[in-house]
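Enquirer: Sending over a structure as structure tokens; questions will come in a sec.
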Amino acid sequence: MQFAPADIQAILLSAKVGVVATLVALPLGFLAAWLLAFGRFRGKLLLELLFNLPLTLPPVVVGYLLLLLLGSQGLLGRALDTLGITIIFTWKAAVIASVVVGFPLLVRSIRLAMEGIDLQLVQAARSLGAGPLDIILTVILPLSRRGIMAGSSLFFARSLGEFGATIIIAGNMPGVTQTLPLAIYDYASSPRGEGTALLLCVVSVVLSLAVLMLHETILQHKKGG
Amino acid sequence: MELKLQLCKQQGRFQLALELAISGDRIGIFGPSGSGKSTLVSCLAGLNRPDSGRILLDGKPVFDSTARINLAPEKRRIALVFQQHGLFPHLNVRKNLLYGYQRCPVAERRIELAEVAEVLEITDLMGQMPETLSGGQSQRVALGRAILASPRLLLMDEPLSALDDDLRYRIIPYLKLVSERFRIPFVFISHSLLEMRLMAEQVAVLEKGTLTAVMTPEELARQRMGISPSGYINLLELGAPQERQRLLAFPWAGGELLLSGGATAEPGMFELSSKDIILCKRHPDAISARNLLPCTVRNLFETGNKIGVELDCKGGTLVAEIVPDAARELAVTVGSTIWAAIKASAFRRL
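Protein sequences appear in the order of chains A and B. For the first sequence, the residue numbers in the working numbering are 1 to 225. For the second sequence, the residue numbers in the working numbering are 1 to 350.
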């Protein structure tokens, strides 16, 4: 038994979506975590709920809401259409689905790391002449780096497994938008596909284990000092 | 330096309402916990915005609610030294020291790293990470970091509270030395009377969010003698001692003081509580106290339910405390002669 070219493409696309989604989500997640950890503003609770919503909503619901937003009749979709940008049913839609669904995990991990930073360090930095951006770059970022790394690995692992939202807004086109979980779904629901489905499951498990091991290593390192 | 402030800050149920004008290069803010010291520190540093009022440093406003001036902490050039050293754990000692220096405009940099490191004796620590430093080393590095930012004012918020007694009194000379050597005025916040006397020249006393007095630390110590558990602390600078009958004889005020209790044979600063001095009208026939000093009463003052007796012991000054009944029995009056008996174990090296 061996992989068909479309299977290899599904594996590679999953990795590509995971990497791009992580790179897109990281700065946004850092900013969101910073706002929640250090910000004092009205509507903070609402923002927190909004960021965490994808954690409790079924991914299919997230996908459907994204479809409404980014579809050709959606508020953002129409605006993007006029600029000649199409998101829906492309691999970029899979990236967006991964970003939205995995965002709470990333934010939570970075936020926890930020909340562990002694506020006195920030105060000391300010009294020594560092402005807000300077403090973010020289104090907060380096001191929350393990949270960033742990959050990123968890986010990447979640992205590899993303199914519900992706199938709604990216579709399931082999070689175009079919990621690893979607390919497994296809094989599992076709009469003679069990063998390949199992093989792809093994790939998925190996990839996830590798990422989770990295995540645990980062956390252990954190505990150790 | 001249510090003028008039401010109001409500924090939950606590209100800080102060009007203070104080000058000097070594200013103390004294008060028990809950008196508003920390709120005042954060308002001075710009970390907390007062509800109203103004703060002037050498006549220049750093905060003025009427004129809508509120300088950001990084623009005030008021460097903080905390109770916990607050060193950046991801930077080595050298990078910690240079943090404020690199952010100070080049034209305003007036203190160099090598000089500060030498004065604070931290030159050998440059490559070390903060987690490897002892409490005293960490606090010296924190002090150096603040100094190297060439601040207009050094704001020290209970900088010695986290250190044990031995270390505390070893750090004090460094604090004073850097202030004098680099000419940086400081505001020293503490709830310790002794620290106030060792550090400050003028003290603002806070209680329950208001200013109750501005006085010298000496006046404050005498005022608090009756209510302080340790009484009035006499500070004695003693010269090099000689061994005598298994005790150490330290030269003091033209005579000598005999000390025991593990005193090391080195000159230094010692403390002696006013509670540990016994006054006798006449020379006792025999007494266990090893120090018996003829004195003249220079001054008497009342504090709480105690009477403070300022003694002139051949030029050296000691303050003893007695209850009013004892004062009557001894018939102490200004100018009268009296004997002060002090146990050799009553002294403690600072």
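By construction, the Cβ of each residue, glycine as well, lies at the ideal position given by its N, Cα and C atoms.
Start and end of the beta strand (DSSP E) containing L259 of chain B?
Expert: 255–259 is the extent of the beta strand (DSSP E) around L259 of chain B.
Enquirer: Roughly how many whole angstroms lie between the Cα atoms of L279 of chain B and S33 of chain B?
Expert: C-alpha separation (whole angstroms): 35 Å.
Enquirer: If you draw a straight line from the C-alpha of G224 of chain A to the C-alpha of I117 of chain A, how long is it?
Expert: Reliability fails at G224 of chain A, whose pLDDT of 46 lies under 50, so the model's placement of it is uncertain and the value that follows must be treated cautiously. Using only the alpha carbons, I get a separation of about 17 Å.
Enquirer: Answer with yes or no whether the minimum CB distance from L133 of chain A to chain B is below 8 Å.
Expert: No, no contact with chain B.
Enquirer: Can you pull the DSSP bridge partners for Q6 of chain B?
Expert: B:E19, B:R54, per the DSSP bridge assignment.
Enquirer: By alpha-carbon positions, which one of B:A344, B:S38, B:L18 ends up nearest to I189 of chain B?
Expert: When only C-alpha atoms are compared, the closest one is B:S38.
Enquirer: Can you name the start and end residues of the alpha helix (DSSP H) that V62 of chain B belongs to?
Expert: Note, V62 of chain B: premise wrong, no alpha helix (DSSP H); beta strand (DSSP E) at 60–64.
Enquirer: Chain B beta carbons: is any one of them nearer than 8 Å to that of G116 of chain A?
Expert: No, G116 of chain A lies away from the interface with chain B (no Cβ there is under 8 Å from its Cβ).
Enquirer: Determine the chain A residues that contact F88 of chain B at a beta-carbon separation under 7 Å, and present them in chain order.
Expert: Neighbours of F88 of chain B on chain A, chain order: L121, V139.
Enquirer: Going by C-alpha distance, which of A:I169, A:P27, A:A124 is nearest A77 of chain A?
Expert: Residue identity check: residue 77 of chain A is Gly in the sequence provided, not Ala. Cα-wise, what sits closest to G77 of chain A is A:I169.
Enquirer: Give a yes or no on contact between the stretch 202–214 of chain B and the stretch 284–295 of chain B, applying the rule of three or more CB pairs nearer than 8 Å.
Expert: The answer is no - the stretch 284–295 of chain B does not touch the stretch 202–214 of chain B, with fewer than three Cβ pairs under 8 Å.
Enquirer: Do you know how far the Cα of G144 of chain B is from the Cα of L152 of chain B?
Expert: The identity of residue 152 of chain B in the sequence shown is Arg, whereas the question assumes Leu. The alpha-carbon atoms of R152 of chain B and G144 of chain B are separated by roughly 15 Å.
Enquirer: Who are the neighbours of I142 of chain A on chain B, taking C-beta pairs under 9 Å?
Expert: The question names Ile, but residue 142 of chain A is Pro in the sequence shown. Residues of chain B passing the Cβ test: F88, H90, L91.
Enquirer: Please confirm whether I110 of chain A and G164 of chain A have their CB atoms less than 8 Å apart.
Expert: Taking 8 Å as the Cβ cut-off, I110 of chain A and G164 of chain A do not qualify as a contacting pair.
Enquirer: Please decide whether G135 of chain B counts as near chain A, where near means a Cβ-Cβ distance under 8 Å.
Expert: Not one chain A Cβ lies under 8 Å of G135 of chain B.
Enquirer: If we ignore side chains and look at the alpha-carbon of each, how far apart do E219 of chain B and A341 of chain B end up?
Expert: About 25 Å.
Enquirer: Would you say C104 of chain B faces chain A, with C-beta separation under 8 Å as the test?
Expert: It does: the Cβ of C104 of chain B has a partner Cβ on chain A nearer than 8 Å.
Enquirer: Assess contact between the stretch 89–98 of chain B and the stretch 122–130 of chain B, defined as three or more Cβ pairs (one per stretch) separated by less than 8 Å. Is contact present?
Expert: The stretch 89–98 of chain B, when compared against the stretch 122–130 of chain B, does touch it at the 8 Å Cβ threshold.
Enquirer: Residues of chain B with CB under 7 Å from S127 of chain A, in chain order?
Expert: Here the neighbours are A45, P73, I78, A79, L80.
Enquirer: List, in order along the chain, the chain A residues whose C-beta lies closer than 7 Å to that of G209 of chain B?
Expert: Within 7 Å Cβ-Cβ: nothing; G209 of chain B doesn't reach chain A, min ~21 Å.
Enquirer: Would you say the stretch 137–157 of chain A touches the stretch 18–37 of chain A, given that touching needs at least three Cβ pairs under 8 Å?
Expert: Yes, the stretch 137–157 of chain A touches the stretch 18–37 of chain A.
Enquirer: By a C-beta neighbour count over all protein chains shown, 10 Å radius and 16 as the cutoff for buried, is I122 of chain B buried or exposed?
Expert: Buried is the call here.
Enquirer: Less than 8 Å between the CB atoms is what I'm expecting for T179 of chain A and A10 of chain A, so what's the real figure, rounded?
Expert: Confirmed, Cβ separation roughly 6 Å.
Enquirer: For Q220 of chain A, does the three-state DSSP call read helix, strand or coil?
Expert: Q220 of chain A falls in the helix class under three-state DSSP.
Enquirer: At the level of alpha carbons, what is the spacing between V62 of chain A and L23 of chain A?
Expert: Whole-angstrom Cα-Cα distance: 21 Å.
Enquirer: On the DSSP letters alone, give me the boundaries of the beta strand (DSSP E) that R244 of chain B sits inside.
Expert: Residues 242–244.
Enquirer: Measure the C-alpha to C-alpha separation of P294 of chain B and V309 of chain B and round it to an integer number of angstroms.
Expert: Whole-angstrom Cα-Cα distance: 14 Å.
Enquirer: Using DSSP with H/G/I as helix, E/B as strand and the rest coil, what is I136 of chain A?
Expert: If DSSP states are grouped into helix, strand and coil, I136 of chain A belongs with the helices.
Enquirer: Shortest alpha-carbon distance to G71 of chain A belongs to which of A:L53, A:T90, A:P59?
Expert: Taking only the C-alpha atoms, the option nearest G71 of chain A is A:T90.
Enquirer: Do you know offhand how far P173 of chain B's Cα is from M199 of chain B's?
Expert: Their backbone Cα atoms lie some 9 Å apart in a straight line.
Enquirer: Give the DSSP-derived three-state secondary structure of F250 of chain B in the structure shown.
Expert: Note: F250 of chain B maps to strand in three-state DSSP.
Enquirer: With distances taken Cα to Cα, identify the nearest neighbour of G161 of chain A among A:V211, A:I135, A:L57.
Expert: The option with the nearest alpha carbon to G161 of chain A is A:V211.
Enquirer: What's the call for V205 of chain A, buried or exposed, on a 16-neighbour Cβ count within 10 Å?
Expert: By the neighbour-count rule (16 or more Cβ atoms within 10 Å), V205 of chain A is not buried but exposed.
Enquirer: Tell me, please, whether the stretch 224–235 of chain B touches the stretch 302–320 of chain B by the rule of three or more beta-carbon pairs shorter than 8 Å.
Expert: Taking 8 Å as the limit for Cβ pairs, the verdict is that the stretch 302–320 of chain B does touch the stretch 224–235 of chain B.
Enquirer: Hey, G46 of chain B and S65 of chain B: beta-carbon distance below 8 Å or not?
Expert: Against a cut-off of 8 Å, the Cβ pair of S65 of chain B and G46 of chain B comes out as no contact.
Enquirer: Checking contacts by CB at 8 Å: is G12 of chain B closer than that to chain A?
Expert: It does not: the Cβ of G12 of chain B has no partner Cβ on chain A nearer than 8 Å.
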